[in-house]
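Chemist: This is the structure, below, for whatever I ask next.
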Amino acid sequence: MAAFLLRRLGYYVALLAVATFVSYVLAATALSPRAYFEARQPPPPAAQVERQLTLAGLNDHEPLLGRFTRWAANASTGDLGRTISGRSVNAEFGRRIGVSLRLLVIGTLLGIGAGILAGVWGAVRQYRASDRVMTVLSLVLLSMPTFLIAVLLKIGALALNEAAGHQVIAFTGEASPGIGSGTAALLWDRAVHLLLPTLSIGLAAVAAYSRYQRSTMLDVLGADYLRTAAAKGLRRRTVLLRHGLRTALIPMSTFFSFGILGLLTGATFTEKIFGWHGMGEWFIDSINDSDVNSVVAVNVFAALTVLAAGLLADLLLAALDPRVRHGQVRA
Amino acid sequence: MSTQAALPTVQDDGAGLVASPPPGRLRIVARRFARNRGALGGLAVVVALFVLAFAGPLLSRWNYADIDYGALRQAPTPAHWWGTNAIGQDVFAQTVRGLQKSLLIGLAVALFSTVLAAVAGATAGYFGGWADRALTFAIDLLLVFPAFLIIAIISPRLRSAGWIAFVGLLAIFGWMISARVIRAMAITLRDREFVRAARFMGVPGFRIILRHILPNTASFLIIDATISVGGAVMAETSLSYFGFGVQRPDVSLGTLIADGTGAALTYPWMFCFSAGLLVVFVLAVNLIGDGLRDAIDPTSVTTSRRRTAPARQRPDRVAADPEAVLEIRGLQVSFGGVPAVRGVDLVLRPGEVLGLVGESGSGKSVTALAAMGLLPSSAQVTGSVRVAGTEVVGAPDRILAGLRGNRVAMVFQDSLSAFNPVLRIADQLAEAIRSHEDIGRTAARARAIELLALVGIPDAAVRADSFPQELSGGMRQRAMIAMAIANRPDVIVADEPTTALDVTVQAQVLDVLRTAQRETGAALVLVSHDLGVVAGLADRIAVMYAGRVVELAPARALFHQPLMPYTQGLLGALPRIDEGIGRGVARRPLLPIPGRPPTGGELTGGCPFAPRCPLAEDECRAVEPSLERHGPAGHLVACRRAGETAIAAVPAEPPVAPAAGPVVLAVRDLVKTFPLYTGAVLTRRSGSVYAVDGVSLDVRRGETVALVGESGCGKSTTLFEILGLAQPQAGTIELLGRALGPQLTASERRELRAGVQIVFQDPLASLDPRMPVGDIIAEPLRAQSAPREHIARRVPEVLRLVGLDPEHATRYPHEFSGGQRQRIAIARALSVEPELLVLDEPVSALDVSIQASVLNLLQDLKVRLGLAYLFVSHDLAVVAHIADRVNVMYLGRTVESGPVNEVFARPRHPYTQALLSAVPIPDPDVERTRTRILLAGDPPSPSRRHTGCPFRSRCPVYARLAEPDQRQCAEQAPALVGEAHGAACHFPRPYEPF
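Chains as they are written, first to last, in this note's numbering: chain H, 2 to 332; chain U, 131 to 1124.
As structure tokens, then:
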């Protein structure tokens, strides 16, 4: 069991290393910091552009591999370099990571919790009215890109605020500036700001997880051991929960590790649209500024998140499935 | 040639029955799809949107780039149908153009990524090894980042390259998950028998992928491609929304939504058309995908409404039997209008054993499940089932839960799938106890362990903590019996309890079942297709045919004076191991029942057996007879001509000496080991599985040599070693006079491939369901690069040879019955005129009546074509019937070999003796008076190389030997001693099993 997790961990570290290299190479070749400096008004002298590029470790006259080696050496000591405007990437990273993680964790928990409930309910009541309504709802949600859900929510809130004549739902940033003191008021303000972004990434996640859970549950409902459980004299509810749901949750751990990809993408859009100063917003701004080091930093963050989710999924799998724990099935 | 002459002409198992072919797969899928309203609506919407996207520009006088300076931000007017935007462009023209672009990108990406996924996944999955590892790593790497990040990074470079480059990029990030699925499917398909068959014919790998692997993943690919159109459109619009996709002045739905967002409330027309079309299109595509999935996947239910079981009707024509523990009256079960059980009456008294026999589809298992109230909710049930006086049909969950496991318990057939894989055995047993008795966890666990010990599981306290898949099949089935008797039920229903087990394990489990039944005094319903198993246990036997009981009689009467022509036919078609063996009498030719059993939908009203019955008259075809008393008390039969002899006894012939032609296959001391790996972090080779560890055999032209032994003894590995045509690890294989080894040239190898062909166990699995029969039969010829004219001539020839119609070449395997499919597999093998035919359990997937006709065909072909057969079977009665010589294997070694008559009549090796004594004989008198040699435990693991005799851990002779003799067994591996009839045993004891 421990050996299984250790092996996975080793594999993930290798993946992270290769992924970091790939993203550095891509960012350094696709983006053009030189053009960013040269386009400044008034045009700076060539020597100064050269100096600034070298200072930030972005000079494309230096071989790519050399630049990467230097960046990697610094990164391994915990220094992710400077942004294109000369600030510390580490500081920016620290400021923004909490914002993104808050959104991601809430979105994930909401998605999994509500998704599993809805999926099981739908499977057990297959083809009844409630199942059909949920199926249609989730299909509609799954047919909308996250950015569109966010935009629609925002437009809806705007319309609501206009109709009400004052701001009912605040949706720009994480908190209103100058709200004053008072813990209760502050908390309430934050919660209101959280509502729309959470719904934006959570709704799609609920829809996706509920579809997966519904289909794994339906697979299990036809299993022979459910019939055996009924043949022992267990009540239907016990059969469904203790034998059905218990095994139907196992494949969900795999979906969980895929699902984080969608959530990360969704969080990027959501931050940008609702003006949250998180990693996603940073990423989009950095690309527009040709800020190589910042782009790589966000990529490392994304890779770390995905791999952490993968490891968590492995842990969940091992916890749920004794066959994995006992090494009979190779995950 | 006299064997052939005596063969009855009724060889046909329904060759003429496929008059009108059933509807093709495509038609079925189309029909199921059309029934799905959502999917049809989706299809209509998608078609409409495509028309709009490509015909739209012709309708409007505005080009998408035109600017109408006089109309900025104008609401919809007759001039601008959907209004204008901030710089005066026509929103309709812009939206139509955006839709066109988004659709084109979506389609191109879906096409590209599906092709990529199919090729990469199939190649990696089929070839495995490095290709597979590289693909897995590449997929994992691409899945480390959200595709959005990478595409956004590269997009500045792509601005000049246009949308085609964008399509490529989206596709590169869109194929991984599908490729994983395809890879997994390819890995499964690789081991399917039709793919294996193609490999043994010498079809090259890439052709196998193209002709077998990809077509069999087609349904997934179609669904996946459909859904990925929607996904690609969503990805495109998302990227374009943030400026990373389609670049202005060109437009897509994404850029239009981005432009319209800011003004969505004040100028809604700039936003809502593009956003609305996006959602409607993706939703429509998803609905089509869902509809396709439901239509293609045969397991998905398309019935729109769950059927509720109608209120039970209590038939009062027969008064309830106060003594009965199980009383079934007028039971009728149908699925979706197709009847499965059509009026069954059965009464079971305490302690009685009732055998329920019949071929597949006869309704015996459905009857058994109905007795438990366990039928799926899609079943419509009428009639009455009473367990200990309580009605089961239509009873609420609360009542049923109180009965099940308590008054009536069940032993299921497949113990691996019947136990929950994630719970320990003890917990599953304790659950059964605790659901009817109010006792604590520890007490229940103690009882569970007691029960496991009771059914003969050694170290019960330790094994109790095992998960089901850690136990052997025999042990699991014992645990299943323990669970059934946990609450001392009144009735035990055992549904094919030993079908998947080896014969020695079957004997053990039947023994346990018999003991458990006697100890608890429960009545037992034993459902089985095996007349031998029932003969040994049942007091009364009910024979089912087409959903009804057609004969019900005490066991002796049923076997000795069967009244129904069907019962007579079954007994006549059944090979018997004790007949003729060692008495110098030749085997009695089997008498197959012509035709095949009807399916529920085919019944016409008369006696369902009439089309196959030699005694049928017009009256039989008009009215279905009811089950009535005939002859002595307790003998019921549903037949107008009950008691007449339907099948004339065929006189046994004098024995024909097997033709001793030249040796076509000589195997000497063959060894095959598989590496065994352990270690989770650093995997290393820790040992070997000795799958084949010293097999020797000869097959001569014109003779049948049978390879017998229990599962895991290395029979199949031996076959695959021979068919692989590679040099064996140790020992020699000489095929058609040539030794297998590296010295063989490619052309010699190809010639050898034509010389040896294989027929697999399951004809459904060994024939590619997506190929017409003609192509299937031509495949070995094509692998031999036979000229086209030769193939065209040969296919009808071999079809006729196996008793099929040449016109069948254009049909697909699913249109044929099981017996006909096996004939197709035989035809395929014969197409290249082989000298040696390897038959791997060729009849064990077939019903008794069909099996007989295939066995007769094989016998006939052997004589006519002078073939040699290497025949693998676990069914010793079949072996006794068809084989000339037999080779008995245990743990990878030959332990006894010789002429079948000799070996089966006077086996010398204790393993052969135990094997033969465990074979159930379809005769209650013989079966109940035989002495059985019961072996202890399961075969030991082949991952240890055993010193001395590998059988001694289970050997009854060894157990009784004196100390010095035991040492000889432990230290010295016995050699095969004896000229014609050899046995590898130090202390052979005489024994006559029959």
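No residue lacks a Cβ here, since even glycine has one placed at the ideal position from N, Cα and C. Values in this document were obtained by computation on a predicted structure and should not be read as measured data.
#1: Under three-state DSSP, which class holds H/F275?
#2: In chain order, what residues of the region 891-924 of chain U put their CB closer than 7 angstroms to some CB of chain H?
#3: Excluding the five sequence neighbours on either side, which residues of its own chain have a C-beta within less than 8 angstroms of the C-beta of U/H210, listed in chain order?
#4: In the DSSP assignment, find the unbroken alpha helix (DSSP H) run with U/P1040 in it and report its ends.
#5: Output needed in chain order: residues of the region 586-605 of chain U with a Cβ under 9 angstroms from some Cβ in chain H.
#6: Give the residues of chain U in contact with H/I285, contact being defined as C-beta atoms less than 8 angstroms apart.
#7: Hey, how far is the Cα of H/L197 from the Cα of H/R103?
#8: What is the DSSP secondary structure of U/E366, counted as helix, strand or coil?
#9: What does the Cβ neighbour count give for U/W260, buried or exposed, with the cut at 16 atoms within 10 Å?
#10: For U/A362, which residues in the same chain have their Cβ closer than 7 angstroms to its Cβ, ignoring the five residues on either side in sequence?
#11: So, for H/A314: in the same chain, excluding its five sequence neighbours on each side, which residues have a beta-carbon less than 8 angstroms away from its beta-carbon?
#12: Between which two residues does the beta strand (DSSP E) containing U/L1065 stretch?
#13: For U/F374, name the three-state secondary structure that DSSP assigns.
#14: Going by DSSP, which residues form a beta bridge with U/R670?
#15: Considering U/Q558, what are the terminal residues of the alpha helix (DSSP H) in which it resides?
#16: Is the CB-CB distance between U/A672 and U/H765 below 7 angstroms?
#17: Tell me the DSSP bridge mates of U/P1029?
#18: Going by CA-CA distance only, name the one from U/I707, U/A185, U/V538, U/P722 that's closest to U/D977.
#19: On the CB-based measure, 16 or more other CB atoms within 10 Å of its CB, does U/E749 come out buried or exposed?
#20: For U/R1060, which option in U/G406, U/G949, U/D708 has the closest C-alpha, if you only look at C-alpha atoms?
#21: My output table needs one value for U/R320: the three-state DSSP class, helix, strand or coil.
#22: Are the region 353-371 of chain U and the region 316-329 of chain U touching by the rule of at least three beta carbon pairs closer than 8 angstroms?
#23: Hey, is U/R437's beta-carbon within less than 7 angstroms of any beta-carbon in chain H?
#24: From U/S507 to H/G120, what distance separates their C-alpha atoms?
#25: Throw me the rounded Cβ distance for the U/L988 and U/V1008 pair, which I believe falls under 8 angstroms.
#26: Since H/S89 meets chain U, which of its residues come closer than 8 angstroms, beta carbon to beta carbon?
#27: Given that H/F322 touches chain U, what residues does it touch there, using C-beta distances under 7 angstroms?
#28: Please name the residues in the region 950-978 of chain U whose beta-carbon is closer than 8 angstroms to at least one beta-carbon of chain H, in chain order.
#29: Is H/T229 near the ligand SAH - that is, is its Cβ less than 6 angstroms away from at least one heavy atom of it?
#30: For U/S547 and chain H, any beta-carbon pair shorter than 7 angstroms?
#31: If you draw a straight line from the alpha carbon of H/R129 to that of U/A414, how long is it in whole angstroms?
#32: Suppose the cutoff is 6 angstroms on Cβ atoms and the five residues either side in sequence are ignored; what does the same chain contact list for H/N60 look like?
#33: Closest to U/S915 by C-alpha separation, out of U/R930, U/V932, U/S961, U/V753, would be which residue?
#34: Is there a C-beta anywhere in chain U that falls below 7 angstroms from the one on H/N162?
#35: Can you have a look at U/Y807 and say buried or exposed, based on whether 16 or more other CB atoms are within 10 angstroms of its CB?
#36: Check the Cβ-Cβ distances between U/N166 and every residue of chain H, and say whether any is below 7 angstroms.
Modeler: With the given structure in hand:
#1: helix
#2: none
#3: W192, D198, A201, Q204, D220, V221, F222
#4: 1040-1048
#5: F597, P598, Q599, E600
#6: A282, F372, listed in chain order.
#7: Separation of H/L197 and H/R103 (C-alpha to C-alpha, rounded to the nearest whole angstrom) is 14 angstroms.
#8: helix
#9: exposed
#10: So the qualifying residues of the chain are I235, G236, V239, A240, L300, G304.
#11: S254, T255, F257, S258
#12: Per DSSP, U/L1065 belongs to no beta strand (DSSP E) and is neither H nor E.
#13: coil
#14: U/L484, U/P684
#15: 555-564
#16: Note that the C-beta distance between U/A672 and U/H765 is not below 7 angstroms.
#17: U/R1015
#18: U/P722
#19: exposed
#20: U/D708
#21: helix
#22: no
#23: Residue placement at U/R437 cannot be trusted, given a pLDDT of 40 that sits under 50; the coordinates are not used to answer.
#24: Using only the alpha carbons, I get a separation of about 20 angstroms.
#25: Wrong, their Cβ atoms sit about 10 angstroms apart, outside the cutoff.
#26: None at all; the shortest Cβ gap to chain U is about 22 angstroms.
#27: According to the sequence displayed, residue 322 of chain H carries Asp and not Phe. In chain order: V552.
#28: If the cut-off is 8 angstroms between Cβ atoms, the region 950-978 of chain U has nothing near chain H.
#29: This structure does not include the ligand SAH; it has no bound ligands of any sort.
#30: yes
#31: 22 angstroms
#32: L54
#33: U/S961
#34: No - not a single Cβ of chain U is within 7 angstroms of the one on H/N162.
#35: Exposed, because fewer than 16 other Cβ atoms sit within 10 Å of the Cβ of U/Y807.
#36: no
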